[in-house]
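In what follows, a structure is listed as structure tokens, so that the remarks can point back to it.
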Amino acid sequence: MALGEFEIIRRFFSDIGPADAALRGVGDDCAGLSIPPGKTLQLSVDTLVADVHFPAAAPAALIARRALASCVSDLAAMGATPWCFTLALTLPDADEHWLTEFAAGLGDASEHFGLRLIGGDTTRGPLCITLQVMGLTGTGKVLQRNAAQPGDIIWLTGATGLARAALECACLATPDAAPAADAIFLDAYYRPQVPHRFAVQIAGFARAAIDISDGLIADLGHIAAASGCGAQLDCARLPLAAAMLARFGSESALAFALGGGDDYQLCFTAAAAASTRLQSMAAAAGIIVTAIGEMTDGGGVALSNLPAGFELPVSGYQHFSQQGDA
Ligand code: ADP
Ligand code: MG
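Residue numbering for the sequence shown follows this note's numbering, starting at 1 and increasing by one per position.
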């Protein structure tokens, strides 16, 4: 390694994200967090393995952006305000150019989402990124998967399927060389627009929530299972991006929207009486929300208004399943 471990940490990872006096960060044996009274710390860890979760050859800044967005999405799903994170980085070599780009992308993403890098670990091996994100919720203002009730309206922020559509683009690993028509898909893949501020606004007001990482059907299924009820999803109401319809046709677009993952949008439920207030909160926040169904007394996810002959996509990526091994 041309650059030593400590040199890498000092140069690239010692000042990422907004400073906060309540955080003791990089440089000692442990980081320290002074949790404000009355707040609950929400934390989540995710590992992103090169060529499993992202193309290793992709621009490093985009790898960083996508990695942090996908983790902040878990905080959003709890209604937590992003606060800080740690980074365990395994690198095949100390490539100064790659590290410069990666740190720049990570810095931009940290400022965007408002969380500070407070520590980590740096090792040598196949490229792998582990991020542990931490956020804060106020008393009674946490969104959980198990809080949906029959009769709740099911809402979706933004649209799903675009990140799945990116996997069909020839330039997934080289987005800078992609034709302009692919930009919308690649952008959704590398720069997911996590509704992190809106998520905090609806905490304590919406009931259950989950972020769409495995696919809409699979993730909505987690809400239904955890809440002990069913979900009726109206396929005719799903927002389908015009670019996705034009490029892939209505069948594939619907399959991507129902089964594709990595969108990092929010699916949440709220009492029907809250609909008007929710819509005005979303409009004020510049977030598009769509009512896509209703929670029921049943179990699982039932789909209505599927086109005749439509074959349901296999939904929900699982490591170690035959699908994941492929
Ligand atoms: P230790 O040997 O005590 O585990 P390390 O040598 O691993 O300490 O790390 C030294 C300091 O640098 C610690 O504060 C650690 O949190 C931080 N650190 C190491 N790698 C990273 C990284 N990739 N990003 C941010 N901080 C890091
Ligand atoms: Mg260490």
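Glycine residues also receive a C-beta, built at the ideal position from the N, C-alpha and C atoms.
In whole angstroms, give me the CA-to-CA distance for residue i and residue j.
{"i": "Asn146", "j": "Gly107", "result": "34 Å"}
{"i": "Leu115", "j": "Pro82", "result": "5 Å"}
{"i": "Cys169", "j": "Leu186", "result": "8 Å"}
{"i": "Arg164", "j": "Cys171", "result": "14 Å"}
{"i": "Ile35", "j": "Val194", "result": "24 Å"}
{"i": "Ile202", "j": "Ala283", "result": "13 Å"}
{"i": "His222", "j": "Asp214", "result": "10 Å"}
{"i": "Leu117", "j": "Pro92", "result": "22 Å"}
{"i": "Phe198", "j": "Ser280", "result": "12 Å"}
{"i": "Gly27", "j": "Leu136", "result": "23 Å"}
{"i": "Val301", "j": "Ala218", "result": "8 Å"}
{"i": "Leu131", "j": "Leu156", "result": "26 Å"}
Starting from residue i, trace the beta strand (DSSP E) both ways and give me its first and last residue.
{"i": "Ala291", "result": "289-296"}
{"i": "Val133", "result": "128-138"}
{"i": "Val45", "result": "39-49"}
{"i": "Cys71", "result": "It is not in any beta strand (DSSP E) - Cys71 instead sits in the alpha helix (DSSP H) that spans 60-78."}
{"i": "Gly230", "result": "230-234"}
{"i": "Thr81", "result": "81-91"}
{"i": "Ile210", "result": "209-211"}
{"i": "Ala163", "result": "Taken as a continuous stretch (DSSP letters only), Ala163 belongs to no beta strand (DSSP E), being part of the alpha helix (DSSP H) at 162-166."}
Got a sec: does ligand 1 put a non-hydrogen atom nearer than 7 Å to the Cβ of residue i?
{"i": "Leu108", "result": "One point to set straight first is that residue 108 is Asp, not Leu, in the sequence displayed. Flag unset: Cβ of Asp108 not near ligand 1."}
{"i": "Phe13", "result": "yes"}
{"i": "Ile9", "result": "yes"}
{"i": "Asp28", "result": "yes"}
{"i": "Ala94", "result": "no"}
{"i": "Leu91", "result": "no"}
{"i": "Leu3", "result": "no"}
{"i": "Gly119", "result": "yes"}
{"i": "Ala31", "result": "yes"}
{"i": "Thr122", "result": "yes"}
{"i": "Leu23", "result": "no"}
{"i": "Leu87", "result": "yes"}
Using a Cβ-Cβ cut-off of 7 Å (strictly less than) and excluding sequence neighbours within five positions of residue i, which residues of its own chain qualify?
{"i": "Thr160", "result": "Ile212, Leu216, Ala257, Gly260, Asp263, Gln265"}
{"i": "Phe113", "result": "Leu68, Val72, Pro82, His196"}
{"i": "Thr276", "result": "none"}
{"i": "Ala177", "result": "Cys171"}
{"i": "Ile8", "result": "Ala94, Leu99, Thr122"}
{"i": "Glu111", "result": "Gly17, Pro18"}
{"i": "Ala109", "result": "Ala64, Arg65, Leu68, Ala69"}
Who are the Cβ neighbours of residue i in its own chain at under 8 Å, not counting the five residues just before and after it?
{"i": "Ala326", "result": "Reliability of the predicted coordinates at Ala326 is poor, the pLDDT of 33 falling under 50, and the value obtained from them is presented with this limitation in mind. Cβ within range, chain order: n/a, list empty."}
{"i": "Ala271", "result": "Gln149, Gly151, Asp152, Ile153, Arg207"}
{"i": "Leu240", "result": "Ala159, Gly161, Ser250, Ala253, Leu254, Ala257"}
First and last residue of the alpha helix (DSSP H) that includes residue i?
{"i": "Ala253", "result": "242-259"}
{"i": "Val200", "result": "196-202"}
{"i": "Cys29", "result": "Reading off the sequence shown, one finds Asp at residue 29, where the question assumed Cys. From DSSP, Asp29 is part of no alpha helix (DSSP H); its letter is neither H nor E."}
{"i": "Gly110", "result": "Checking the sequence, you will find Ser at residue 110 rather than Gly. From DSSP, the alpha helix (DSSP H) with Ser110 extends over 96-113."}
Below 6 Å CB to CB, which residues in the same chain sit around residue i once its five sequence neighbours on both sides are set aside?
{"i": "Gly299", "result": "Gly230"}
{"i": "Met1", "result": "At Met1 the pLDDT is 46, less than 50, meaning the model places this residue with poor confidence; the figure from the coordinates comes in the next sentence. Taken in chain order, the residues that qualify are Ala94."}
{"i": "Ala61", "result": "Glu101, Ala104, Gly105"}
{"i": "Thr47", "result": "Thr130"}
{"i": "Ser333", "result": "Outside the displayed span of the chain (1 to 326) sits residue 333, for which this structure offers no information."}
Since residue i contacts residue j with CB under 8 Å, what's their CB separation in whole angstroms?
{"i": "Ala208", "j": "Leu278", "result": "Incorrect: roughly 14 Å between the Cβ atoms, too far for contact."}
{"i": "Gly358", "j": "Ala31", "result": "What the structure shows of the chain is the stretch from 1 to 326, and residue 358 is not part of that stretch, so it cannot be assessed."}
{"i": "Leu127", "j": "Ala56", "result": "6 Å"}
Should residue i be flagged as near chain C, meaning a C-beta pair shorter than 8 Å?
{"i": "Gly79", "result": "The question asks about chain C, but that chain is absent: this structure has only one protein chain."}
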